[in-house]
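*Asks:* Chains as they are written, first to last, in the working numbering: chain D, 2 to 788; chain G, 1129 to 1813. I am attaching a structure below and will ask some questions about it afterwards.
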Amino acid sequence: MAPYSRKRKVTAHDGSADSSTGSHLELGNGLLEGILSHSEDESENTSDEDVSIEASEADEGFSDEGDLDSDDFPDEAEEDEAEIRNQIRNLKTSDPFPHTTRADEADAGPADGLEDLSGVEGLKRNYTVTTDANGNPRYLYQEIDPVYDSDDSDAPATANTIGDIPLSYYDTYPHIGYDINGRKIMRPAKGEALDALLDSIDIPKGWTGLTDPATGKPLELSEEELDVLKKLTRNELPEEGYDPYPDMVYYFTGREEIMPLSAAPEPKRRFVPSKHEAKRVMKIVKAIREGRIQPYKAPAEVEEEDRELYSYDIWADELPRPEHSMHIPAPKLPPPGFDQSYHPPPEYLPDKTEKAAWLETDEEEREKEYLPTSYEALRKVPGYDRFVKEKFERCLDLYLAPRVRRNRLNIDPESLLPKLPSPDELKPFPTTCATIFRGHDGRVRSNSIDPSGTYLASGGDDGTVRIWELSTGRQLWNAKLSVEDAVDAVRWRPCKDAAILAAAAGENIYLIVPFALLSPDIEQSGRDILDAGWGYAASKPSTNGVATKEPPAKWTRPGTRLEDKGVLVQISVRSSVKVINWHRKGEYFATVSPRGQSTAVAIHALSKHLTQLPFRRLKGLAQSAQFHPSKPIFFVATKNSIRSYDLSKQELVKILQPGAKWISSFDVHPGGDNIIVGTYDKRLLWHDLDLSTKPYKTLRYHQEAIRAVAFHQGGLPLFADASDDGSLQIFHGKVVGDLMENATIVPLKVLRGHQVKSRLGVMDIDWHCREPWCVSAGADGTCRLWN
Amino acid sequence: MGRIKKKGTSGAAKNYITRTRAVKKLQISLPDFRRLCIFKGIYPREPRNKKKVSKGSTAATTFYYTKDIQYLLHEPLLAKFREHKSVAKKIGRALGRGEVGDAARLEKNLIPKVKLDHIIKERYPSFVDALRDLDDALSMLFLFANLPSSEHIPTKTIALCQRLTHEFEHFVIVSHSLRKSFLSIKGIYYQATIQGQDIMWLVPYRFVQRTAGDIDFRIMGTFVEFYTTLLGFVNFRLYTSIGLVYPPKFNVKSDEEGGELGAFQLEGKAITDGEPATNGDVADAIASAEAQAEVDKIIANAANESIADTQDSTALVRTEEDEENNEAIDKFETTAQDADVLPQPQASSTEAASLFAPFTFYLSRETPRAPLEFLLKAFGSKRVGWDSILGDGAFTTDESDTTITHQIVDRPTLPNGSLPDPPPVPETVHGGAVPPKAQWPRSTVPGRTYVQPQWVWDCINQGKLLRPDLYAPGAELPPHLSPWVKPKKGEYDPNLPLEQQEPEGEAEAFEEEEGDGDGDSVSEDEEAPAVQELEDAVIDRDSSVEAGEGMDVASAEDDSDEEEMDEDIANEWEGFESEGESDISDGEAERRQHQRELEAEAAGVTLESKPKTAKEQKTESRKKLEKKRKQEEEDRERQKMMLSRRKRKLLKRIEYGTEKRDKEAENLRRKKRRIENAKEAANAI
């Protein structure tokens, strides 16, 4: 369509009705309306009125002035007014607000205001009332008399005061006349001028002057859209080529065919009611009458069911629950503590740091899920916001958490700790070095306190045996037993009736009753005991084929030099003796010579001067041997085990396995059920014979090998060990008769004093028979008494 | 030769089954399995050796006991679940087709109803078993009775929970089996003893519960379903055991008016007199009371005559009767300190029944009515009235009723004149016959005891009536303590005075700490606010002392200042140099003392023994204690050395617990000490 592609001013100039309506359609909104109406003002009356209003207003503008000349040219003024009105009518661009009421009053005069009679009507009655045929009032209107020459005093004043001259005179001027004040009335813009102005304004294609509410940009419409809009305003269907009134097409002909398809006559059943149906209906009717068919009733809600739910005793025949170890009932929640109270004692409230710590920790990791808070009154307690959550978590625990039966750790910690005797109870034990016995050249190998507790015997590398007074350290007696061999062991006979000392030097064992040292009767009894055997040995020298075998030992007199000193018996065995141990009754003593394989362990009978070799063969290297204090049991320590033999039955009783690499020495507890073992691998082992063959305690307190161990034999629960690191260690070792209770071992004291010489420290140790004193023999050539 | 045994065919590997395998074996969905486990009370196990069970892997898995699962295979509920599944399918199909009517019909008629009776019987073969497991059930149902209905919780469930819990409460009231109750910040704990079983449950305060967060109401709903069945049967058994008709009559109208407990009416021959009297019956009661009075008078006359005849004999008989009637266990008191105390059973139901029996209570409208009504009635009070806005079922709603002996009030007292005068009662309406209503804050009724709600709880827990003046409205309440905690040896006991609990020398140590605080201001500053707060609280509490601005001085500072002053004076007087006294070791002190003696001897003067100041004595005693403690510790270490490693570890574990406990107790004692000091300081000022 051509007009839409052109500029708007073109449509304004188009005189045809079609195009004007078309433009109305396109732009019929707001300000544009006035512009378009401008083109049709000549044909339409409505716009006439608009212009007349303008004129009347202009008239009013100078009406007071016009009073002067109104008498002179009333008619001319009329004419002028009409002329100007015409001109203005042509030029006027727009007036969007029609002032009809004002126009009525103002245009009472003009001829073209004929149709505005209604306005005049209001002024005076122009009808008469009669009665019509029905008796109703009838209005008869008078003929309207158009009064052209009104003598209205306030006639509109003329705006253009050029007087009675044609306007054409002003054609060459830019103005068309003068107003009442003598100012020029300028000629309004003509059509060409407007055209020229509009030509200069370039309007883009599709411009509507509207804004798109969706985007906020100017709304532009395409041709198709405008077309659709146009159709819509015409109340047409917007679709292209849709015919709203097509010709009717008949689906069937209304004509009746002459020949029917079937010639069969209508059957009778089409006209007679069905008997079968009647029968069925009667059946239903009968059932209803008899009440077999009830009218439908909506079933009532079964609310009562809940009531019925718990209407019997489910535990009427209850049985106790069978015990089952796999059944673990859910643990109950613990009762609330003081701090959960709504008003707890003030000490349960958290202080600032605790509160901050609580708030800082993660909700899952809090020790307590609540913060103790105090409220002064019950009414101030708020709801607990974690309540549902906690109950939910409890639910989860009940069905999701594995249940484990856990034994409560309900042990009194005190009962675990061993019952230590109090330090006072432990008390007498040796603590300091009281006496030092000096005199030996070279190491002191062994020492022993006599059963009366007054003398100390010692033997050393210089081959001498010395006897000292224990309390003072004075040497009372000495004898050189051997020139080249060291005295390896000295032991007093443990009986008080006589004082006999056994000493071993090399292959020889000497039995000594020290001369002029003891009281005469004791000395005499010692001599008697030793001498008693001579006869026995002489009476039975060789009875039955023993002569063929060399005797294990020879009992001889050592010679006058030694005999004068008191050394009465010399026993020669096959290999050098290292250890001597007496039987508690003093009748027997055992010697161990580790090198002599079959003759390693020998038991010597004092009264018979007889030596026996109890073991034909010994497994391992014999280290030491001991008699049981009360039973006829004999312990032999080899390199890494201790065997006990029953002497009366002559059989092996037990093999103890200390687990040591090399046993150095051992001692039997006076009770006879416990043994301590010292080893060269720095360990001290306590064996409970009733408990096990393995050690009950393993003590490792020494830095060097342990040389000797000894129990206190006089009733005090003490034992000590001597080590190559130059120290003695004193322990408390209490054995209770009760089998249920284990022995208590308490380390008490480390005694230092001996010097270490060529990696040898303390060589031997012995306890006093009654007092808590002990004597040690050191490699530094001294003996020390500790008390 | 036997066959080689295959791994995983016997023993632990067969005894346990993972959850996935269990679900597969039962051929049900996981939610169904969960429901089944909840109903049947089946829970996962922790096998002793996980590796043996799960073929060597140690991944976190849930194990069930195989026999439990096998036992589930025969469960009738499984069939119900399957039925339910098929019906659900049908309904789904109908809805898919848009046949809503069909779906509704299917849902109504075909959905199988799950009954849990047999499971109750199975899980709790005897009634006592059920009672033992009632804790969780009651807590849960009381919670649900207070929840609003939502899409997960149907109204019907809530109504059922309410009904069952109220019925249970009625039983507790009638049987007087409630023993203890405790106001916690979580809610109110109750403990009842029924057939020798202690049942404890927790009831939340009546506020809107926060149900947000990851709470699965389906799981809780399953539990509630089970628990309602359980409590229903338990209620039936309990009611019938004391001769009551089980479903008690339920008055819907009263319930709608907030009757709660009052909406139920118990029936049965044993209980007619135990029925809580309502105001409606008062007229009858009065009438009968008059009759009773006459009868009493006649009897009394007759009795008087008889008494006149045989006064001596009756007196004798009476004493005998008294002794016989008293079937209660006598309380044995130990006469000596070191004797063992044998436990005796606590308050019996008769005592519980008589605690509040002679009183008439009135609950002000700001008090929580439900717990108070329950407690008061459970402890023998038959006449409990309350403001009419608290709901139906009160003995009286008239606050000015003269029969009321106790009024429970939870409002602070207001100073005189702060309240506006009550609106004048229009004479024309009431005709002057009605006395003006006595409202609590304006006026008190003479002869009536006004107490705060805590009084009721503390009375119950202590089993006797406490002094009501401690609990008067507006008074500072004594702390409310949990009746279940019996402090063991070494734990802190708030009932005992601090002096009895502190180990020797601790008080001095605490004081020393506080005193040290003066020197290093950093630590003091940290603690100061807390102390300050407490102090302020203490000051506020103490009505006799006006809370002033200048009371902020810490007490410890004062003390130490004074002590320093003392010391200075003492030093001047003595004339000896004694600076840094506390630093001198004992040996040094001895040496000096000796030196002094020597000097004195040389001068020919007898040295008067130096009198010791209080502080010196204190420090000395503390030092002694410290020394002693150190020695003990050493001994202990020595003992520990003798232990085997296993035992040492065990000991360490035990000691961890005790240490923690001791630390807690010490912390509490320290706080208490601090508070007491603050209080003392406040009193001194």
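For every residue, glycine included, the Cβ atom is placed at its ideal position computed from N, Cα and C. No experiment lies behind these values; they were computed from the predicted model shown.
1) CB-CB under 8 Å to LEU1626/G, same chain, minus the five flanking residues each way: which ones, in chain order?
2) Where does ILE289/D land, buried or exposed, given buried means 16+ other C-beta within 10 angstroms?
3) Return helix, strand or coil for SER1749/G, following the three-state DSSP convention.
4) Quick one: which unbroken beta strand (DSSP E) runs of 3-plus residues sit fully inside the region 537-623 of chain D? Chain order, please.
5) Roughly how many angstroms separate the alpha carbons of SER1610/G and SER342/D, rounded to a whole number?
6) Is the distance from the Cβ of LYS609/D to the Cβ of GLY527/D below 7 Å?
7) Using three-state DSSP, classify LEU1201/G as helix, strand or coil.
8) What is the C-beta distance between HIS1534/G and ARG1576/G, in whole angstroms, given that I count them as a contact (C-beta under 8 Å)?
9) From this set, ALA480/D, PRO553/D, TRP316/D and VAL514/D, which residue's C-alpha is nearest SER1254/G's C-alpha?
10) Within 10 Å of its beta-carbon, does VAL776/D have 16 or more other beta-carbons around it, so buried, or fewer, so exposed?
11) Considering only the alpha carbon of each residue, which of THR1339/G, GLU1527/G and TYR1784/G lies closest to VAL1573/G?
12) Can you list, in chain order, the residues of its chain with a C-beta nearer than 8 Å to that of ALA1141/G? Leave out the 5 residues immediately preceding and following it.
13) Run through chain G and tell me which residues come within less than 7 Å of ASP386/D, C-beta to C-beta.
14) For the region 1596-1629 of chain G, enumerate the residues whose C-beta is nearer than 7 Å to any C-beta of chain D, in chain order.
15) For the alpha helix (DSSP H) containing VAL1228/G, list its first residue and its last residue.
16) Contact criterion: CB-CB distance below 7 Å. Does VAL736/D meet it with respect to chain G?
17) So what does DSSP say about ALA1637/G, is it helix, strand or coil?
18) Indicate whether GLY461/D and ASP486/D have their beta-carbon atoms separated by less than 7 Å.
19) My output table needs one value for TRP459/D: the three-state DSSP class, helix, strand or coil.
20) Enumerated in chain order, which unbroken segments of the alpha helix (DSSP H) with a length of 4 residues or greater are wholly contained in the region 372-408 of chain D?
21) Roughly how many angstroms separate the alpha carbons of THR694/D and ILE664/D, rounded to a whole number?
22) For PRO748/D, which beta-bridge partners are listed by DSSP?
23) Find the residues of chain D that neighbour SER1138/G, judging by a C-beta separation of less than 7 Å, and give them in chain order.
24) Kindly give me the distance between the Cβ atoms of THR639/D and LYS662/D, rounded to whole angstroms, as I take these residues to be in contact under 8 Å.
25) Cα-Cα, which of ALA1637/G, GLN1155/G, ILE1327/G and LYS1617/G is closest to LEU1200/G?
26) Pull up the CB-CB distance for ASP674/D and ALA711/D, whole angstroms please, since I reckon it's below 8 Å.
27) Rounded to whole angstroms, what's the CA-CA distance from VAL737/D to PRO718/D? Just pull it up for me.
28) Nearest chain D C-beta to LYS1780/G closer than 7 Å, yes or no?
29) According to DSSP, is LYS497/D part of a helix, a strand, or is it coil?
30) Alpha helix (DSSP H) containing ALA1810/G: first to last residue?
31) Answer with buried or exposed for MET1268/G, where buried requires no fewer than 16 other C-beta atoms within 10 angstroms of its C-beta.
32) I want to see whether chain D comes within less than 7 Å of SER1441/G, judged by CB atoms only; does it?
33) For ILE285/D, which residues from the same chain have a beta carbon less than 8 Å from its beta carbon, with the 5 sequence-adjacent residues on both sides left out?
34) Specify, as a first and last residue, the run of the alpha helix (DSSP H) that ALA1150/G falls within.
35) Under three-state DSSP, which class holds ARG785/D?
36) When you compare the region 1307-1317 of chain G with the region 1597-1615 of chain G, are there three or more beta-carbon pairs, one atom per stretch, that lie closer than 8 Å?
*Replies:* The short version:
1) As a position in the second sequence, residue 1626/G is number 498, starting the count at 1. Correct list, in chain order: ALA1635, ARG1797, LYS1800, ARG1801 and GLU1804.
2) In the first sequence, the residue the question calls residue 289/D occupies position 288. It is exposed - the Cβ of ILE289/D has fewer than 16 other Cβ atoms within 10 Å.
3) One-based indexing of the second sequence puts residue 1749/G at position 621. Of the three classes helix, strand and coil, the one that applies to SER1749/G here is helix, per DSSP.
4) 555-557, 568-573, 580-583, 589-593, 602-606 and 611-613
5) Here the question's residue 1610/G lines up with position 482 in the second sequence. Here the question's residue 342/D lines up with position 341 in the first sequence. For SER1610/G and SER342/D, the distance between alpha carbons rounds to 7 Å.
6) By 1-based counting over the first sequence, the position of residue 609/D is 608. By 1-based counting over the first sequence, the position of residue 527/D is 526. No, the Cβ-Cβ distance between LYS609/D and GLY527/D is not below 7 Å.
7) Residue numbering aside, residue 1201/G sits at position 73 when the second sequence is read from its first letter. In the structure shown, LEU1201/G sits in coil (DSSP, three-state: anything other than H, G, I, E or B).
8) Mapped onto the second sequence, residue 1534/G falls at position 406. Mapped onto the second sequence, residue 1576/G falls at position 448. Indeed, because the Cβ distance is near 7 Å, the residues count as touching under 8 Å.
9) If you number the second sequence from 1, residue 1254/G lands on position 126. Nearest C-alpha to SER1254/G: TRP316/D.
10) Your numbering for residue 776/D matches position 775 in the first sequence. Under this definition VAL776/D is a buried residue.
11) Numbered from its first residue, the second sequence carries residue 1573/G at position 445. The candidate whose alpha carbon is nearest that of VAL1573/G is GLU1527/G.
12) By 1-based counting over the second sequence, the position of residue 1141/G is 13. Here the set comprises LYS1135, LYS1180, VAL1181 and LYS1183.
13) Taking the first residue of the first sequence as position 1, residue 386/D is located at position 385. What ASP386/D touches in chain G: ARG1338.
14) LEU1605, PRO1607, HIS1608, LEU1609, SER1610, TRP1612, VAL1613 and PRO1622
15) Taking the second sequence and counting its residues from 1, one reaches residue 1228/G at position 100. Unbroken alpha helix (DSSP H) run through VAL1228/G: 1228-1238.
16) As a first step, residue 736/D must be located in the first sequence, where it is residue number 735. VAL736/D does not count as touching chain G.
17) Residue numbering aside, residue 1637/G sits at position 509 when the second sequence is read from its first letter. Helix, per DSSP.
18) Along the first sequence, read from residue 1 onward, the residue named residue 461/D stands at position 460. Along the first sequence, read from residue 1 onward, the residue named residue 486/D stands at position 485. No. Outside cutoff.
19) Here the question's residue 459/D lines up with position 458 in the first sequence. Per the sequence shown, residue 459/D should be read as Ser rather than Trp. If DSSP states are grouped into helix, strand and coil, SER459/D belongs with the strands.
20) 388-401
21) Residue 694/D sits at position 693 when you count from the first residue of the first sequence. Residue 664/D sits at position 663 when you count from the first residue of the first sequence. Cα to Cα, THR694/D sits roughly 15 Å from ILE664/D.
22) In the first sequence, residue 748/D corresponds to position 747, counting from 1. Paired residues: PHE732/D.
23) Taking the first residue of the second sequence as 1, we reach residue 1138/G at position 10. Correct list: empty, because the minimum Cβ distance to chain D is about 17 Å.
24) Taking the first residue of the first sequence as 1, we reach residue 639/D at position 638. Taking the first residue of the first sequence as 1, we reach residue 662/D at position 661. So it is not a contact: roughly 12 Å between Cβ atoms.
25) Here residue 1200/G refers to the residue found at position 72 of the second sequence. Among ALA1637/G, GLN1155/G, ILE1327/G and LYS1617/G, the Cα nearest to that of LEU1200/G is on GLN1155/G.
26) Position 673 of the first sequence, counting from 1, holds the residue named residue 674/D. Position 710 of the first sequence, counting from 1, holds the residue named residue 711/D. About 17 Å separates the two Cβ atoms, so there is no contact after all.
27) Taking the first residue of the first sequence as 1, we reach residue 737/D at position 736. Taking the first residue of the first sequence as 1, we reach residue 718/D at position 717. Computed Cα separation, rounded: 10 Å.
28) Your numbering for residue 1780/G matches position 652 in the second sequence. Not closer than 7 Å to any Cβ of chain D, the Cβ of LYS1780/G fails to qualify, so no.
29) Position 496 of the first sequence, counting from 1, holds the residue named residue 497/D. Coil, per DSSP.
30) Walking along the second sequence from the start, residue 1810/G turns up at place 682. Note, ALA1810/G: alpha helix (DSSP H), 1773-1812.
31) In the second sequence, the residue the question calls residue 1268/G occupies position 140. Burial call: buried.
32) Mapped onto the second sequence, residue 1441/G falls at position 313. Caution is warranted here: a pLDDT of 43 is assigned to SER1441/G, below 50, making its placement in the model unreliable, and the coordinate value is therefore given only provisionally. Chain D, which has no Cβ nearer than 7 Å to the Cβ of SER1441/G, makes this no.
33) The residue labelled residue 285/D in the question sits at position 284 within the first sequence. Around ILE285/D: ILE294.
34) Position 22 of the second sequence, counting from 1, holds the residue named residue 1150/G. Taken as a continuous stretch (DSSP letters only), the alpha helix (DSSP H) holding ALA1150/G covers 1147-1154.
35) Position 784 of the first sequence, counted from the start, is the residue given in the question as residue 785/D. Three-state DSSP puts ARG785/D in a strand.
36) yes
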